[in-house]
Amino acid sequence: MTDFIDTPEGRRIAYNRSEGRGPWVVFLGGYMSDMAGTKAVHLEEWARKSGQAYLRFDYSGHGASSGAFEDGAIGDWAADARAAIEALTDGPVLLVGSSMGGWISLLVANAVPRVAGFVGIAAAPDFTEDSMWAGFSEEERAALARDGQILMPSDYDAPYRVTRRLIEDGRRHLVLRAPVRSPGPVRLLHGTEDADVEMSVALRLLAHLEGDVRLTLVRGADHRFSTPDCLDLLTETVEEVLARIDGATA
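Going by the UniProt record's numbering, the first residue of the sequence shown is number 1, and it counts up by one from there.
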């Protein structure tokens, strides 16, 4: 059943929470995604069967949460994630971040000491700068400065708006410009046929994270990373990281 919490900023966040043993596994979705996605629901089903504590939620402007998508930015969504984690979990937390959720996870891990591990799925840190802004034409950059927003085509749905605020706010939250301390064990999963986040991003993130970090490349997997084999690998990876967290805290 979907419940709601109000953040300190006054945003209403939708979530589904399953009680169980710790550490809490928390799923952080991608840009324009919601907590009803295949990976989020798959992990919830696994968590319930295995008795694992699990949380999935929608950022503001996504899914069932309050607000308009175009009004949000990276800092807002990171604050939403932090508010949900602090209000709805206790003890060690394992973050599972998909695409933009990988970036959000790194920001949350830097702010919440209880984060004890991270699994990234096609993680897309700094994408507003290194993918969006870098890919804009001079005409698009001029239109963004003039109008405050531009329309971008999407392979998944209707065109969507990119706002000047999203780009400017993203620049205040970049994580790949200096080494990043790993929040415990880190496992990165990435498909070789990902058309949205290049493998070079995964390699760059691997190079920037310090500590127990491993990258697994899956031949033929795309950005959705939602085939049965990919979902099985995700579950196995989460279980492996949980075992390492348990071992470190025993």
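C-beta atoms are modelled at their ideal positions from N, C-alpha and C, and glycine is treated no differently.
- Distance from Ala122 to Gly63 at the Cβ level is roughly 19 Å; contact not present, criterion being Cβ atoms closer than 8 Å.
- Classified as buried, Phe27 has 16 or more neighbouring CB atoms from the shown chains inside 10 Å of its CB.
- The segment 220–233 and the segment 141–149 do not touch, with fewer than 3 CB-CB distances between them shorter than 8 Å.
- Rounded to the nearest whole angstrom, the CA to CA distance from Arg165 to Asp90 is 33 Å.
- For Thr38, the uninterrupted alpha helix (DSSP H) run begins and ends at 38–50, by DSSP.
- In the three-state reduction of the DSSP assignment, His223 falls in the coil class.
- The alpha-carbon of Leu107 is positioned some 10 Å away from that of Gly101.
- According to DSSP, Ala142 shares a beta bridge with no other residue.
- With a cut-off of 8 Å on Cβ pairs, the segment 1–11 is not in contact with the segment 197–204, counting fewer than three such pairs.
- DSSP lists no beta-bridge partner residue for Met199.
- Taken through DSSP and simplified to helix, strand or coil, Glu193 comes out as coil.
- Gly135 counts as exposed, since fewer than 16 other C-beta atoms from the protein chains shown sit within 10 angstroms of its C-beta.
- Nearest in C-alpha terms to His173, of all of Thr216, Asp76, Lys49, is Asp76.
- Looking at the DSSP output, Trp24 bridges to Val93.
- According to DSSP, residue pairing for Ile85 in a beta bridge does not occur.
- In this structure, the alpha-carbon of Phe69 lies about 17 Å from that of Ser99.
- By the C-beta criterion, the segment 77–86 is judged to be in contact with the segment 48–67, since at least 3 inter-stretch pairs fall below 8 Å.
- Taking all protein chains shown into account, Arg17 has 16 or more neighbouring C-beta atoms within 10 Å of its C-beta and is therefore buried.
- The three-state reading of DSSP puts Thr2 in coil, since its state is none of H, G, I, E or B.
- The three-state secondary structure of Thr237, taken from DSSP, is helix.
- Secondary structure note for Leu215: its beta strand (DSSP E) is the uninterrupted segment 213–218.
- For Leu166, the uninterrupted alpha helix (DSSP H) segment begins and ends at 164–171.
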